[in-house]
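**Q** Residue numbers (my numbering): 20 to 207. Glycine included, C-beta positions come from ideal geometry on N, C-alpha and C. Owing to the predicted nature of the structure, the values given are computational and were not obtained by experimental measurement. Below you'll find the structure I mean.
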Amino acid sequence: MTDKAGSIRGESVRPGKYARVERERRFLLAEPPPPAAVTATRTITDRYLVGTRLRLRRADWPDGGCELKLTQKVPVTQPGAAQGLITNTYLSPTEYDLLARLPATLLSKTRFSVPPLGVDVFDGHLQGLVLAEAEFTTDEEAQRFVPPADCVAEVTDDIRFTGGRLVETARQQLLQWLAEYGLQPETR
Numbered sequence: 020m021t022d023k024a025g026s027i028r029g030e031s032v033r034p035g036k037y038a039r040v041e042r043e044r045r046f047l048l049a050e051p052p053p054p055a056a057v058t059a060t061r062t063i064t065d066r067y068l069v070g071t072r073l074r075l076r077r078a079d080w081p082d083g084g085c086e087l088k089l090t091q092k093v094p095v096t097q098p099g100a101a102q103g104l105i106t107n108t109y110l111s112p113t114e115y116d117l118l119a120r121l122p123a124t125l126l127s128k129t130r131f132s133v134p135p136l137g138v139d140v141f142d143g144h145l146q147g148l149v150l151a152e153a154e155f156t157t158d159e160e161a162q163r164f165v166p167p168a169d170c171v172a173e174v175t176d177d178i179r180f181t182g183g184r185l186v187e188t189a190r191q192q193l194l195q196w197l198a199e200y201g202l203q204p205e206t207r
């Protein structure tokens, strides 16, 4: 059963035939990672399809490669690393272009791989936001994870720092949220 926000109600989240449990922890950072720590970089444009739980993603690699996918995220209404169920479908350019015609709100960022973290440095109205996330296969692995030393705060349970919420966030609102954690990025 789901609530109005599309979240799963209940005590546990179970994968289905196509969906898997998404376990991740998210952390606010004050700045991007040092270049020497980065093993890979990609530019990501997310299109959150209006009125749905669907996200259309385009990830562009520096070598010209591109990954296109459609993702459904069904969030869970309980705290912790189990964020809900996630289903990914990889797309051809033609499929992506067709779906990209649908009404959507946009979010863009650069993702830096700093194993075991993905560090997202946001663009546009979210400039100044730096979020790191780590993904896990088990709850135990998530619980054992030690946050990065440069972590300002863990925001795993702060719904404001999820992509679906950030895409709808005004710049001034983001700056207020970051100030709550002692962060004051430069204003434009």
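Pick out whichever of P51, L75, V57 and T60 has its Cα sitting closest to the Cα of L121.
**A** Checking every option, the nearest Cα to that of L121 belongs to L75.
**Q** Could you tell me which whole beta strand (DSSP E) segments of length 3 or greater appear in the region 32-98?
**A** Qualifying beta strand (DSSP E) stretches, in chain order: 39-48, 59-68, 73-79 and 85-94.
**Q** Keeping to the same chain, check which residues put their C-beta closer than 6 Å to that of Y109; ignore five residues upstream and five downstream.
**A** Excluding sequence neighbours, Y109 sits near K88.
**Q** Let's see if you can read the secondary structure: which residues bound the beta strand (DSSP E) around D158?
**A** Counting along the chain, D158 falls outside any beta strand (DSSP E), though it belongs to the alpha helix (DSSP H) covering D158 to R163.
**Q** What does the alpha-carbon distance come out to for the pair R61 and T96?
**A** Their backbone Cα atoms lie some 31 Å apart in a straight line.
**Q** Under the rule that 16 or more other beta-carbon atoms within 10 Å means buried, what is A24, buried or exposed?
**A** For A24, the predicted structure reports a pLDDT of 48, less than 50, and the residue's modelled location is therefore unreliable. A value from the coordinates is still provided. Label assigned to A24: exposed.
**Q** My assumption, with CB atoms under 8 Å, is that L197 sits in contact with G147. Please give the rounded CB distance.
**A** Yes, they are in contact, since the Cβ atoms of L197 and G147 sit about 7 Å apart, within 8 Å.
**Q** Under 6 Å Cβ to Cβ from E154, same chain only, skipping five residues before and after it: list those, please.
**A** Within the same chain, E154 has close Cβ partners E43.
**Q** Which one of L126, P51 and F141 has the shortest CA to CA distance from E187?
**A** Here the closest residue by C-alpha is L126.
**Q** Once you ignore the five residues that flank R72 on each side, which residues in its own chain have a CB closer than 7 Å to its CB?
**A** Cβ neighbours of R72 beyond the five flanking positions: G25, Q91, K92 and V93.
**Q** Just the Cα atoms here: how many angstroms apart are T64 and E159?
**A** Using only the alpha carbons, I get a separation of about 32 Å.
**Q** Are the beta-carbon atoms of T124 and A38 separated by less than 7 Å?
**A** No, the Cβ-Cβ distance between T124 and A38 is not below 7 Å.
**Q** When the Cα of F5 is compared with those of S111, P112, L194 and A168, which residue comes out closest?
**A** This structure cannot settle anything about residue 5, because the visible part of the chain is limited to 20 through 207.
**Q** Relative to the C-alpha of L118, which residue among G201, V69 and A55 is closest?
**A** Checked all of G201, V69 and A55; the closest Cα to L118 is V69.
**Q** Spatial neighbours of L47 within its chain, please: C-beta separation below 6 Å, excluding the five flanking residues on both sides.
**A** V171, A172, V174 and Y200.
**Q** Of all the options D139, E86, F141 and G183, which has the alpha carbon lying nearest to the alpha carbon of E114?
**A** Minimum Cα distance to E114 is reached at E86.
**Q** Does the beta-carbon of T21 have 16 or more other beta-carbons within 10 angstroms, so that it is buried, or is it exposed?
**A** For T21, the pLDDT reaches just 40, beneath the cut-off of 50, and the residue's location in the model is therefore unreliable, although a value from the coordinates is still provided. So T21 counts as exposed.
**Q** List the residues that DSSP assigns as beta-bridge partners of T106.
**A** DSSP, once it has assigned bridges, lists Q91 as partnering T106.
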